[in-house]
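Sequence order for the protein chains is A and B.
Taking this note's numbering, I'd label the letters of the first sequence as residues 1 to 491.
Taking this note's numbering, I'd label the letters of the second sequence as residues 1001 to 1130.
Only one structure is covered here, and it is reproduced in the block below.
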Amino acid sequence: MPEPLIYDLGAPGRTGVQMPAPDVPLADLPTGLVRDNLPLPELSELEALRHLTRLSQLNHSILTGFYPLGSCTMKYNPIINEETARLGGFIHAHPLQPAEMMQGSLAIMYHLQEWLKEIGGFAAVSLQPAAGAQGELAGVLMIKAYHASRGQSQRNKVLIPDSAHGTNPATSAMSGYRVVEIPSDARGNLDLEALKAECDDTLAAFMLTNPNTLGLFEEGVQEAIEAVHAAGGLVYGDGANMNALLGIARPGDLGIDVLHYNLHKTFTTPHGGGGPGSGPVGVAAHLADFLPGPIVGIEEEGSEEMGPVYGWHQPPKSIGRLKGFHGQFGMHVRAFTYILMQGAEGLRSVAEHAVLNANYLRVKLQGAYKVPYDRVCMHEVVLEGRWADAPDIHALDIAKRLMDFGFHPPTNYFPLIVREALMIEPTETESKEVLDAFIEAMLTIAEEAHSTPEVLQQAPHTTKYGRMDEVKAARQLVLCCEIPREVSSEQ
Amino acid sequence: MNYPADLKYTKNDEWVRVDGDTAIVGVSDYAQDQLSDIVYVDFSAAAGAQVAQGATFAGVESVKAAADIYMPVDGEVIEVNGALAQTPEAINSDPYGAAWLAKIKLTNPAQLDALMDAAAYEAYCKERSA
C-alpha cells in the first residue's frame, strides 16, 4: 500500500497538542485578514510520528548503506558532532546576545576561521555563507568589488570549464558577468590554449574546480592561474572537491584568490535534507577587506591566566551580510569538532584514503566499464554506463539497478562532457568489504546488461516503489495536492 | 538515426534548411537521441532579433540534461516555434519537421559553406558513438 499524503491522514479537529484554556481575554483578529480556508493537516502526535517514521524508512541514508554519490562527498557524519552541537551553552545562546556573553561561541568560530585559513592557505575566512552556492556568490561578488575598487569595472567576463558544476555559470550570471566556456582536452584537463586566448583586460575571473568534476587533478593548474593573474583576472576556487586535497595541497598556495568550503561535504556536517549546508569562504590578503561580515576577531589578547576577548569585526570594504546573524552556527560547531578530532595528520589521512578508495574502484571496474579518461584519479572516478553491444542500456538503468543491491546510485549524467556518466565517490569512510560488495554488484550489473537487459530496464525491483516516470513528472509538474476538505476557522 | 540529405549540420548538432534567403533551424535526430526525453523548451531570442553565428537563441531540457541551442549562421529571427513550449516532446518525435526551432533571414549566407553536409555529419555522429 502506498504511503498516504499527510493531508489524507487524521480527521477534522484532531490535534497533537492540547492547549490550556486562555487566562487572558482573547483578542479579535482583523476580520479582513482572517483566512477560513487554510487546509492544514490535523493529526494526533502518534499518527504524525508513524507517518514520518515510515517516510524515513523509505529513505536511503549513510546510516543504512553505501552512498557513492559523486561530487557530494556523502561521508559518515560522526555522532560526536551531534553531541557537541547540542551542548547547552550552544543551543541556548541567542544570536542577539552581546559578544561578551557568548565568548565560548565566538571562540569556536574564531578557531574554525583560523583552521580553515591554515587548511586552505588563505589570509582570512568568513563563516557567513549558508551553503556552497552562497559561498560562490560571496566569492564572485568580492571579485567584482575588488575590480571596481581598482577602477577596473570593464572586466565583465568569467571563464568556466565545461566540466564545472552548474552553480558556477549560474553564480556568474547572477553577479552580472558574461560566461565563456572553456573546453576540456583529451586527458580531461582544461584546454590551456583556449583559456589563454580569453585572458585579456575584460577578464574578471576564472572559476576552477580542482580536482575537477572528472575526479582528475588539473595538470595545468599553475600555468592556468599564472595566465589569469597576468591578465589581471582573479581565480575562484570551487571547494566542492576539497576532500581530495586535505593536508596535501593548499588552494591558496596554488594561487587561488578565493575559495568556498562545503562544511557539509568535507567537514562532516549533515547533508542532503539532514541539515543546512555551510559554505565558508577563504581569501588571499588582497580580498580580505571585502569579506562578508561580521567575522570574529580578537579584541584583547589573552594572558597566561585569561583567554583572549573575542568580538565581531566588519571588514572595511565588506560586500555586506549574506545571511541573518552569523551563518549556520550549529554546523560551525560540528566542523570544529571534526577538525579537532582528526588533527592535521588525520585530515591528511582523510584525503589519502578518499583517493585510494576511488582508485581501488577505478582499477577493479575498468574493463567491465569504460573509463573515459584513463589515468590515476583523485577522490572520485567517472565511468561510462554504456556498451556498444548493449545499446538499450543507459546509465540510469545501472543506477536504478544498484538500489536492488542496497546501494545508493552514483551521480549520473554529470559531468555533461562524459556520455552516460556514472560518477562514483566512495569517500574515505567506507571499508574494503563495502567497496568489494559494490564492485561485485557493478560487475553483476555489467553482465546483466548483456544477458538480461530487461532486469536493468525495469529496476529497481526490491524497493517499495519501482521505476518512477521521470518524464511524466517533468512534463506534467504538479507542485501541490488539491485539498478537498473544507476547514473552518471556528475550531 | 536519420540524417536528411537536404540539410546542413553543425558540430553542436543543429541543422539548417535553406530556402532562398531564409532558413529554418532545428536540432538533429542525434541530438534528441542523446538528450533523451525533452521536457522543456524556451527561447532567448524573439522575432526581429539579430543573432550571430554561435550565439545561444534557445535552450532545451531533458530528464538528463539542459542544453543551449546555438545559431548555426548569422541571421535575423523571423519567427520562433512557440508551440514547442506546450509540446516539447515533438523534438523527440519529429526533430526535422514539426519541431523546427526558428525561421531566420540569412544575413551572411557564405557561412553555410563551412557547415557539414549529411554524409559528413553522419560520419561525425558515428565517430562520437564509438
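Virtual Cβ for every residue (Gly too), placed ideally from N, Cα, C.
Owing to the predicted nature of the structure, the values given are computational and were not obtained by experimental measurement.
Cβ neighbour criterion (16 or more within 10 Å) applied to residue i
i       : result
A:V461  : What sits at residue 461 of chain A in the sequence shown is His, not Val. Exposed is the call here.
A:T64   : exposed
A:Q491  : Bear in mind that the predicted position of A:Q491 carries a pLDDT of just 37, short of 50, making it unreliable; the figure below should be weighed with that in mind. Looking at its Cβ environment, which holds fewer than 16 other Cβ atoms inside 10 Å, A:Q491 is exposed.
A:Q128  : buried
A:E420  : buried
A:A11   : exposed
A:F122  : buried
A:M423  : buried
B:T1010 : buried
A:L49   : exposed
A:M1    : exposed
A:R14   : exposed
A:L5    : exposed
A:R86   : exposed
A:G324  : exposed
Extent of the continuous alpha helix (DSSP H) to which residue i belongs
i       : result
B:Y1030 : 1029-1035
A:D397  : 395-404
A:W115  : 103-120
B:S1093 : 1090-1093
A:S451  : 432-451
B:A1119 : 1118-1129
A:I91   : 88-91
Rounded separation between residue i and residue j - CA only
i       : j       : result
A:R386  : A:P315  : 52 Å
B:I1024 : A:L40   : 52 Å
A:G237  : B:I1038 : 33 Å
A:L106  : A:L46   : 40 Å
B:N1012 : A:H60   : 38 Å
A:A230  : A:V333  : 39 Å
B:A1099 : B:L1084 : 7 Å
A:M306  : A:H264  : 33 Å
A:A240  : A:T266  : 8 Å
A:N262  : A:D28   : 48 Å
A:A197  : A:V371  : 30 Å
A:I160  : A:P426  : 26 Å
A:L58   : A:L52   : 10 Å
A:P409  : A:G32   : 51 Å
A:E226  : A:F66   : 40 Å
A:L347  : A:E299  : 30 Å
A:T429  : A:Q328  : 24 Å
A:V258  : A:E433  : 39 Å
A:M142  : A:P292  : 8 Å
B:D1117 : B:Y1003 : 9 Å
A:H147  : B:A1066 : 32 Å
A:A474  : B:E1089 : 11 Å
A:Q342  : A:E118  : 14 Å
A:P95   : A:H326  : 7 Å
A:I108  : A:N168  : 30 Å
A:P98   : A:S431  : 46 Å
A:A390  : B:P1095 : 25 Å
First through last residue of the beta strand (DSSP E) which encompasses residue i
i       : result
A:G297  : 295-300
A:P161  : 157-161
B:F1043 : 1038-1043
A:E470  : Taken as a continuous stretch (DSSP letters only), A:E470 belongs to no beta strand (DSSP E), being part of the alpha helix (DSSP H) at 470-475.
A:G311  : 309-313
B:L1106 : 1102-1106
A:M423  : 421-424
B:S1062 : 1056-1062
B:Y1070 : 1066-1070
B:V1018 : 1014-1019
A:E219  : Here A:E219 belongs to no beta strand (DSSP E), and DSSP marks it neither H nor E.
B:V1080 : 1075-1080
**Report entry** Every unbroken alpha helix (DSSP H) within the stretch 44-83 of chain A, with a cutoff of 4 residues, ordered by chain
**Finding:** 45-58
Query raised in the report: If you pair each beta-carbon of the stretch 346-359 of chain A with each one of the stretch 244-256 of chain A, do three or more pairs fall below 8 Å?
Result: yes
Requested in this report: Ignoring anything shorter than 4 residues or poking outside the stretch 221-296 of chain A, list the alpha helix (DSSP H) runs there in chain order.
Outcome: 221-230, 251-254, 263-266
**Report entry** the stretch 1041-1057 of chain B / the stretch 1014-1024 of chain B touching (three or more Cβ pairs under 8 Å)
**Finding:** no
Query raised in the report: Do the stretch 434-451 of chain A and the stretch 81-101 of chain A make contact, defined as three or more Cβ pairs closer than 8 Å?
Result: no
Query raised in the report: Counting pairs of beta carbons, one from the stretch 1071-1088 of chain B and one from the stretch 1104-1114 of chain B, are three or more of them closer than 8 Å?
Result: yes
Query raised in the report: In chain order, which continuous runs of the alpha helix (DSSP H) of length 4 or greater are located wholly inside the stretch 121-204 of chain A?
Result: 132-149, 167-174, 192-197
Query raised in the report: Does the stretch 390-399 of chain A come close enough to the stretch 353-367 of chain A to have 3 or more Cβ pairs within less than 8 Å?
Result: no
Query - Stretch-stretch touch, CB-based, cutoff 8 Å, three pairs: the stretch 173-190 of chain A with the stretch 213-223 of chain A - result: yes
Report task. Report yes or no: do three or more beta-carbon pairs, one from the stretch 147-163 of chain A and one from the stretch 119-137 of chain A, lie closer than 8 Å? Result -> no
Query raised in the report: At what residue ranges does the stretch 330-387 of chain A contain a whole run of the beta strand (DSSP E), taking only runs of 3 or more?
Result: 381-384
Query raised in the report: Per the contact definition of three or more C-beta pairs closer than 8 Å, is the stretch 137-150 of chain A in contact with the stretch 330-347 of chain A?
Result: no
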